[in-house]
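**Student:** Provided herewith is a single structure, encoded as structure tokens, for subsequent inquiry.
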């Protein structure tokens, strides 16, 4: 009897193995749900659709993160046109249009710049917080534009040609990825054991690893882009002729990629030349599609060979905590699911809040802060008094020339004093010694006899800053504008210079 049971068990195991795995022609085993199993027996060539929704997304850095929804091919689904194999829980809709969309945009200030490939999810982030406008501001793309605009005193002009072939959609109630589900179960476990600090910590780690959002929809195709940095003086000169500026930019773009006459723009050659001469930086980017050979490729050839090289050209999605529902997490008590939802929502909001820097973002304001990404209304402050009344440094004793480079007058008074209503406070003091050799000679036949004496001269220098005492007059004193060294930038303007009128005390170094 025991032998019969063992044999039956082995038979059942063998049957399960046949159902779960399938042999390949080379002797290897493919697990059920492997996409190669779906493609193996098809006569026509079918490509696997690679640009999928359902992934995590960091909406501050515009970066793909860990997988949120599972990817499996148990149904061996094909797109409606039969060209692509798509996973379970994903639908792709062919965009039956043969038009290549071309347009130009002007960004006078980097705060208005919008990502090329993540426009929808950055603009409509689905978060009801004041800091949502910083979406995308920590991406490499945005940082590059910001640095170039600031350093080159330029505005940004972007010209694009976009061709969308498909829209990929994530279906409702798609199963969660095992890794993401496991992280949610850990948070739920902490909550059920009342370990709220650990639950909060794990929620923050979840946002770190899986991002702030989940991608629900992806526009798939290809795009060409020309990103120009044009001097701000040129843009200001033709501020009333914005269309002429954009038409000139488009003309330079069309000439690079040899667009046909149907894409030409109406603008004068003189305006195009002025635009070209005002460019301080220009960059060509290609996203997807075949390899572009500038001046030797037409837009028609480019758009005709896209299918094998499709990429995401736009994304939209929801905050990542939207996927946390009792219907998806049936193994977790409903009350815990809602509690977990709140913890992860808090982690996303804190991620935005901690990366929001309030300050003045207007370049022409004396209060401008390069680090600020959220304007707080400090660009146009009313006249006010400041308790900082300048600094000065005195030097006494020793040789006169030794003190020449160790003194600093207060720029407010033009002397080694504080303004009226301010009191001097010692900031730093120090001393230096200088040794000199003095020679005294007297007659003692020829040559004369000389004696040498070593003399020490000591100098004392003191640095003071001026603090306000009592009532002051309007617009008196200085506004502190930061510090910098030969190796370290000044934080307010990210350079080794001062952004506003400010004085640094002299020192012995």
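In the working numbering, the protein residues as written are -9 to 499.
Cβ coordinates follow ideal geometry from the N, Cα and C atoms, glycine included.
Is the Cβ-Cβ distance between residue 63 and residue 77 less than 7 Å?
**Tutor:** Here residue 63 refers to the residue found at position 73 of the chain shown. Here residue 77 refers to the residue found at position 87 of the chain shown. Yes. Within cutoff.
**Student:** Give me the Cα-Cα distance between residue 440 and residue 389, rounded to the nearest whole angstrom.
**Tutor:** The sequence position of residue 440 within the chain shown is 450, counting from 1. The sequence position of residue 389 within the chain shown is 399, counting from 1. For residue 440 and residue 389, the distance between alpha carbons rounds to 24 Å.
**Student:** Pull up the distance between the alpha-carbon of residue 116 and that of residue 44, whole angstroms please.
**Tutor:** On the chain shown, position 126 is the one that residue 116 refers to. On the chain shown, position 54 is the one that residue 44 refers to. Their backbone Cα atoms lie some 16 Å apart in a straight line.
**Student:** Let me check understanding here. Comparing Cα to Cα, which of 71, 163, 194 and 239 lies closest to residue 97?
**Tutor:** Your numbering for residue 97 matches position 107 in the chain shown. Looking at the Cα atoms, 239 is the closest of the given residues.
**Student:** Would you be able to state if there are at least three C-beta pairs under 8 Å between the stretch 103 to 117 and the stretch 308 to 318?
**Tutor:** Touching, per the Cβ criterion.
**Student:** Go to residue 308, then tell me how far its beta strand (DSSP E) extends in each direction, as first and last residue.
**Tutor:** As a first step, residue 308 must be located in the chain shown, where it is residue number 318. It spans 301 to 309 - the beta strand (DSSP E) in which residue 308 sits, taken as one unbroken run.
**Student:** I believe residue 38 touches residue 68 by the beta-carbon criterion, under 8 Å. Please report the beta-carbon distance rounded to the nearest angstrom.
**Tutor:** As a first step, residue 38 must be located in the chain shown, where it is residue number 48. As a first step, residue 68 must be located in the chain shown, where it is residue number 78. About 11 Å separates the two Cβ atoms, so there is no contact after all.
**Student:** Residue 362 and residue 417 - do their beta-carbons sit closer together than 7 Å?
**Tutor:** Residue 417 sits at position 427 when you count from the first residue of the chain shown. Residue 362 sits at position 372 when you count from the first residue of the chain shown. No, the Cβ-Cβ distance between residue 417 and residue 362 is not below 7 Å.
**Student:** When the distance is taken between beta carbons, is residue 241 closer than 7 Å to residue 153?
**Tutor:** Residue mapping note: residue 153 aligns to position 163 of the chain shown, counting from 1. Residue mapping note: residue 241 aligns to position 251 of the chain shown, counting from 1. Not in contact: residue 153 and residue 241 (Cβ atoms no closer than 7 Å).
**Student:** Does DSSP put residue 332 in a helix, in a strand, or in coil?
**Tutor:** One-based indexing of the chain shown puts residue 332 at position 342. It is helical.
**Student:** Mapping the DSSP letters down to three states, classify residue 260 as helix, strand or coil.
**Tutor:** Here residue 260 refers to the residue found at position 270 when the chain shown is read from its first residue. In this structure, residue 260 counts as helix in the three-state DSSP scheme.
**Student:** Is it true that the CB of residue 148 sits closer than 7 Å to the CB of residue 304?
**Tutor:** The count along the chain shown starts at 1 and reaches residue 304 at position 314. The count along the chain shown starts at 1 and reaches residue 148 at position 158. Not in contact: residue 304 and residue 148 (Cβ atoms no closer than 7 Å).
**Student:** Give a single yes or no on whether residue 116 has its beta carbon closer than 6 Å to a heavy atom of the ligand ZN.
**Tutor:** This structure lacks the ligand ZN, and indeed carries no ligand of any kind.
**Student:** Anyone know if the C-beta pair for residue 382 and residue 420 falls short of 7 Å?
**Tutor:** The sequence position of residue 382 within the chain shown is 392, counting from 1. The sequence position of residue 420 within the chain shown is 430, counting from 1. Contact flag unset, no.
**Student:** At 4 residues or longer, and completely inside the stretch 147 to 197: list those alpha helix (DSSP H) runs for me, N to C.
**Tutor:** If we require 4 residues or more, the alpha helix (DSSP H) runs fully inside the stretch 147 to 197 come out as 168 to 182.
**Student:** Whole angstroms are fine: how far does the CA of residue 228 sit from the CA of residue 221?
**Tutor:** Taking the first residue of the chain shown as position 1, residue 221 is located at position 231. Taking the first residue of the chain shown as position 1, residue 228 is located at position 238. Taking the straight line from one Cα to the other gives about 11 Å.
**Student:** At what residues does the alpha helix (DSSP H) containing residue 29 begin and finish?
**Tutor:** For the purposes of this step, residue 29 is identified with residue 39 of the chain shown, where counting begins at 1. Taken as a continuous stretch (DSSP letters only), the alpha helix (DSSP H) holding residue 29 covers 25 to 29.
**Student:** On a CA-only basis, which of 26, 51, 364 and 447 is nearest residue 199? Give me that one, please.
**Tutor:** Numbered from its first residue, the chain shown carries residue 199 at position 209. Here the closest residue by C-alpha is 51.
**Student:** Taking only three categories from DSSP, how would you classify residue 218?
**Tutor:** As a working note, residue 218 is residue 228 in the chain shown. DSSP places residue 218 in strand when its eight states are reduced to three.
**Student:** Taking the alpha helix (DSSP H) that residue 236 belongs to, which residues open and close that run?
**Tutor:** If you number the chain shown from 1, residue 236 lands on position 246. Counting along the chain, the alpha helix (DSSP H) containing residue 236 begins and ends at 232 to 246.
**Student:** Determine the direct distance from the alpha carbon of residue 219 to that of residue 251, and round the result to whole angstroms.
**Tutor:** Walking along the chain shown from the start, residue 251 turns up at place 261. Walking along the chain shown from the start, residue 219 turns up at place 229. Note that residue 251 scores 46 on pLDDT, short of 50, meaning its location in the model is unreliable; the coordinates nonetheless yield the value given after this. Straight-line Cα distance between these residues: approximately 26 Å.
**Student:** Apply the 10 Å Cβ neighbour rule to residue 400 and answer buried if 16 or more other Cβ atoms are within range, or exposed otherwise.
**Tutor:** Within the chain shown, residue 400 is the residue found at index 410, counting from 1. Buried, because 16 or more other Cβ atoms sit within 10 Å of the Cβ of residue 400.
**Student:** Do the stretch 190 to 209 and the stretch 330 to 344 meet, that is, are 3 or more Cβ pairs less than 8 Å apart?
**Tutor:** Because the criterion of three Cβ pairs below 8 Å is met, the stretch 190 to 209 and the stretch 330 to 344 touch.
**Student:** Just the C-alpha distance for residue 269 and residue 171, rounded to the nearest angstrom, thanks.
**Tutor:** One-based indexing of the chain shown puts residue 269 at position 279. One-based indexing of the chain shown puts residue 171 at position 181. Roughly 50 Å separates the two Cα atoms.
**Student:** List the residues that DSSP assigns as beta-bridge partners of residue 384.
**Tutor:** What you label residue 384 is simply residue 394 of the chain shown in a count that begins at 1. Beta-bridge pairing links residue 384 to 452.
**Student:** Just verifying my parser: in three-state terms, what is the DSSP assignment at residue 17?
**Tutor:** Here residue 17 refers to the residue found at position 27 when the chain shown is read from its first residue. Confidence in residue 17 is poor, its pLDDT being 48 and thus under 50, which makes the residue's placement unreliable; the coordinate value appears in the next sentence. It is coil, neither helix nor strand.
**Student:** Please list, in chain order, all residues of the same chain as residue 101 whose beta carbon is under 7 Å from its beta carbon, the five residues on each side excluded.
**Tutor:** For this step, residue 101 is matched to residue 111 along the chain shown. Only 351 meet the Cβ criterion.
**Student:** Once you ignore the five residues that flank residue 17 on each side, which residues in its own chain have a CB closer than 8 Å to its CB?
**Tutor:** If you number the chain shown from 1, residue 17 lands on position 27. At residue 17 the pLDDT is 48, less than 50, meaning the model places this residue with poor confidence and gives no usable figure here.
**Student:** Would residue 445 and residue 428 qualify as a contact pair, given that the criterion is a beta-carbon distance under 7 Å?
**Tutor:** One-based indexing of the chain shown puts residue 445 at position 455. One-based indexing of the chain shown puts residue 428 at position 438. Going by C-beta atoms, residue 445 is nearer than 7 Å to residue 428.
**Student:** Return the Cβ separation of residue 202 and residue 48 in integer angstroms, given the expectation that the two are a contact with Cβ distance under 8 Å.
**Tutor:** For the purposes of this step, residue 202 is taken as the residue at position 212 of the chain shown. For the purposes of this step, residue 48 is taken as the residue at position 58 of the chain shown. That belief holds up - the Cβ atoms of residue 202 and residue 48 are roughly 6 Å apart, short of 8 Å.
**Student:** By alpha-carbon positions, which one of 93, 411, 485 and 324 ends up nearest to residue 235?
**Tutor:** Mapped onto the chain shown, residue 235 falls at position 245. Nearest C-alpha to residue 235: 93.
**Student:** Since residue 109 sits in a beta bridge, which residues does DSSP pair it with?
**Tutor:** As a position in the chain shown, residue 109 is number 119, starting the count at 1. Paired residues: none, contrary to the question.
**Student:** Which of the three DSSP states is assigned to residue 322 in this structure?
**Tutor:** Reading the chain shown from its first residue, position 332 is the one you call residue 322. Looking at residue 322 - three-state DSSP - the assignment turns out to be coil, as it is neither helix nor strand.
**Student:** What does the alpha-carbon distance come out to for the pair residue 479 and residue 137?
**Tutor:** Translated into positions along the chain shown, residue 479 becomes position 489. Translated into positions along the chain shown, residue 137 becomes position 147. One C-alpha to the other measures close to 14 Å.
**Student:** Roughly how many whole angstroms lie between the Cα atoms of residue 279 and residue 302?
**Tutor:** Working through the chain shown from its first residue, we reach residue 279 at position 289. Working through the chain shown from its first residue, we reach residue 302 at position 312. About 11 Å.
**Student:** Based on the DSSP secondary-structure assignment, which residues constitute the bridge partners of residue 68?
**Tutor:** Taking the first residue of the chain shown as position 1, residue 68 is located at position 78. Beta-bridge pairing links residue 68 to 75.
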